[in-house]
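Report on one structure; see the data block that follows.
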């Protein structure tokens, strides 16, 4: 099972670089890892939750970076808002966590709002690879 996850993560990274042309398709590999997880049950459900959670987190993170920049209070606020939106739409725990994690990741590690679509495409690619392996 771990080798399946490792191969999926590597394939997602490779395809992110060569198919999408992204230099660092971080979200592709991470999405594949999270979607597959260490259990076989609920993989398709996890793919949907991760895809939507990443979309919410990246969207909110990019919006906040564009409007208020980065910093400690911005991280707190962006995590709160992203997780609140996920809860508001009836998300399960994985989607809520992904929204918060991805928003914080965007604000701290990738604070370039022009790359939001690229990040989400990377995550969708990782989710698609996970579906193939599921």
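In the numbering used here, the protein residues as written are 7 to 140. Every residue gets a Cβ at the ideal spot worked out from N, C-alpha and C, and that includes glycine. For clarity, every value in this text was computed on a predicted model and none was experimentally measured.
Residue i, buried or exposed, once every other Cβ within 10 Å from all chains shown has been counted against 16
{"i": "residue 72", "result": "exposed"}
{"i": "residue 53", "result": "buried"}
{"i": "residue 64", "result": "buried"}
{"i": "residue 74", "result": "exposed"}
Rounded straight-line distance, which links the Cα of residue j to that of residue i
{"i": "residue 99", "j": "residue 25", "result": "31 Å"}
{"i": "residue 84", "j": "residue 96", "result": "19 Å"}
{"i": "residue 135", "j": "residue 18", "result": "6 Å"}
{"i": "residue 70", "j": "residue 20", "result": "30 Å"}
{"i": "residue 76", "j": "residue 120", "result": "15 Å"}
{"i": "residue 11", "j": "residue 90", "result": "30 Å"}
{"i": "residue 130", "j": "residue 81", "result": "24 Å"}
{"i": "residue 31", "j": "residue 55", "result": "19 Å"}
{"i": "residue 78", "j": "residue 47", "result": "37 Å"}
{"i": "residue 126", "j": "residue 9", "result": "25 Å"}
{"i": "residue 16", "j": "residue 33", "result": "12 Å"}
Presumed contact (8 Å Cβ cut-off) between residue i and residue j, rounded CB distance
{"i": "residue 139", "j": "residue 42", "result": "6 Å"}
{"i": "residue 132", "j": "residue 36", "result": "7 Å"}
Other residues of its chain near residue i: CB distance less than 7 Å, five sequence neighbours each side excluded
{"i": "residue 92", "result": "59, 62, 101, 102, 105"}
{"i": "residue 14", "result": "38, 42, 135, 136, 139"}
{"i": "residue 28", "result": "22, 124, 128"}
{"i": "residue 107", "result": "63"}
Cβ shell of residue i (< 6 Å), same chain only, five flanking positions each side left out
{"i": "residue 67", "result": "84, 109, 112, 113"}
Own chain residues within Cβ distance below 8 Å of residue i, not counting five before or after
{"i": "residue 142", "result": "In the structure displayed, the chain extends from 7 to 140; residue 142 sits before or after that span and is not available."}
{"i": "residue 50", "result": "137, 140"}
- Item | Whole runs of the alpha helix (DSSP H) within the stretch 56-104, excluding any shorter than 4 residues | 78-94
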